[in-house]
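First the structure, in the form of structure tokens, and then the observations on it.
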Amino acid sequence: MRYAVLGTGIAGRTIAAKLSALGHEVVVGTRDPESTLARSTPDAMGNPPFATWHETHPIRLASFSEATAQADTVVNATAGAGSIQALTAAGAENLDGKVLIDVANALDFSAGMPPTLSPVNTDSLGEQIQRTFPGAKVVKTLNTMNSQIMVAPDRIAGPHTVFVCGNDTGAKKAVTELLVSIGWPESAVIDLGDITAARGTEMVLPVWLRLYGALGHTDFNFHIQGARAAG
Ligand code: NAP
């Protein structure tokens with residue numbers, strides 16, 4: 007498969023590296039490849055600049071639109087506050103008919119820490135993306151855990167859960183197959199229904215952030231006990 011991974015932060019890098027290791031053709035998307043490669047200081051989270059990572063992961067970097075145009079499937083791993091802008095730059099025509107895997111969170115850092123959520127309650131980033139790009143088949147998934155867990159679920163012993171939601175059944179099936187190829191047992195995947203379920207999975211973030219503070223690390227995830235019995 008040909009993937010566009012939109013996002014040069016730690017989530018985009020981690021997902022791009024995994025997809026590439028699985029043998030997929032991957033292009034990473036950014037606003038301006040030249041300026042992204044020219045950055046020489048760590049990002050706000052202390053991650054090394056993109057160019058440092060790129061030295062050991064020579065995955066093609068292109069503009070959001072170029073990366074998306076060549077892809078069969080697109081991953082949105084951009085900052086929630088910039089996702090609509092990033093996908094607009096990617097181009098609605100380039101997203102038409104494609105599965106759009108949305109791992110972004112609607113975190114709003116404008117009032118400092120801890121971030122709030124925007125949108126929230128009666129809307130979600132997943133829904134905003136689906137409304138703005140009706141031709142894309144948006145599947146929200148993987149946003150409820152650290153990116154290292156997304157691509158290596160066996161970092162955590164025992165069963166734990168990954169949610170999917172979206173309006174297109176075929177797209178959710180394709181994403182579930184991708185998750186299984188990454189190493190997620192099919193029994194770990196819970197389909198929460200249409201894209202409005204993204205309200206719930208995005209609202210998990212305040213709890214996730216408090217758990218991070220309480221546990222002091224990010225190697226944890228949610229496990230829904232009894233999911234199979236209930237289904
Ligand atoms: P991030 O700093 O949240 O996002 C970086 C990416 O967002 C860059 O590619 C940047 O573009 C793009 N971006 C920022 N503002 C933009 C704007 N106004 N217009 C267009 N693009 C914009 O990095 P991250 O930590 O890797 O997280 C990416 C997403 O994944 C977030 O939504 C986050 O909530 C979600 N997520 C992350 C993790 C994790 O472990 N980090 C876990 C779960 C979910 P440039 O490349 O041009 O700079």
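Using our numbering, the letters of the sequence shown correspond one by one to residues 7 to 237. Where a beta carbon is used, it is the ideal one built from N, C-alpha and C, also for glycine.
Distance, residue j Cα to residue i Cα
i	j	result
GLU208	THR202	10 Å
ARG8	GLU72	13 Å
SER124	GLY86	9 Å
MET151	GLU99	31 Å
GLU61	ALA92	24 Å
ASP200	VAL170	9 Å
PRO212	THR122	8 Å
PHE70	THR42	12 Å
GLY29	GLU183	15 Å
LEU221	THR74	37 Å
THR128	GLY206	10 Å
ALA22	ASN53	16 Å
TYR218	ILE162	15 Å
Nearest candidate by alpha-carbon position, reference residue i, set the options
i	options	result
ALA180	ILE107, ALA27 and THR84	ILE107
HIS229	VAL210, ASN127, ALA112 and ALA22	VAL210
ALA57	MET51, SER71 and GLU40	GLU40
ASP78	PHE139, LYS143 and ASN111	LYS143
GLY103	ALA177, THR128 and ALA27	ALA177
VAL81	TRP190, LEU185, GLN231 and ASP200	LEU185
VAL34	GLY15, SER116 and GLY52	GLY15
VAL32	THR42, ALA10, LEU43 and ARG45	ALA10
GLY164	LEU12, ASN227, ALA75 and GLU99	ASN227
GLY172	PRO191, THR182, GLY29 and LYS146	LYS146
GLY232	ASP174, ALA44 and ILE196	ILE196
LEU198	LEU217, THR175 and GLY219	THR175
LYS24	ILE155, GLY206 and SER46	ILE155
PRO191	GLY206, ASP160 and TYR218	ASP160
Pair within 8 Å by beta-carbon distance, residue i and residue j
i	j	result
ALA194	THR224	no
LEU67	THR94	no
ILE188	VAL157	yes
ALA50	SER130	no
ALA83	ALA110	yes
PRO215	PRO120	Correcting the residue identity first, residue 215 is Leu in this sequence and not Pro. A contact, by the Cβ cut-off of 8 Å.
SER89	ILE65	no
In DSSP terms, what residue i is bridged to
i	result
VAL168	VAL195
ILE107	VAL81 and VAL145
ALA10	VAL33 and VAL80
THR122	ASP114
ARG66	VAL33
Residue i burial status per 10 Å Cβ neighbour count (16 or more: buried)
i	result
GLU133	buried
ARG137	exposed
THR20	buried
GLY18	buried
ALA96	buried
LEU148	buried
SER153	buried
ALA112	buried
GLY13	buried
ALA44	exposed
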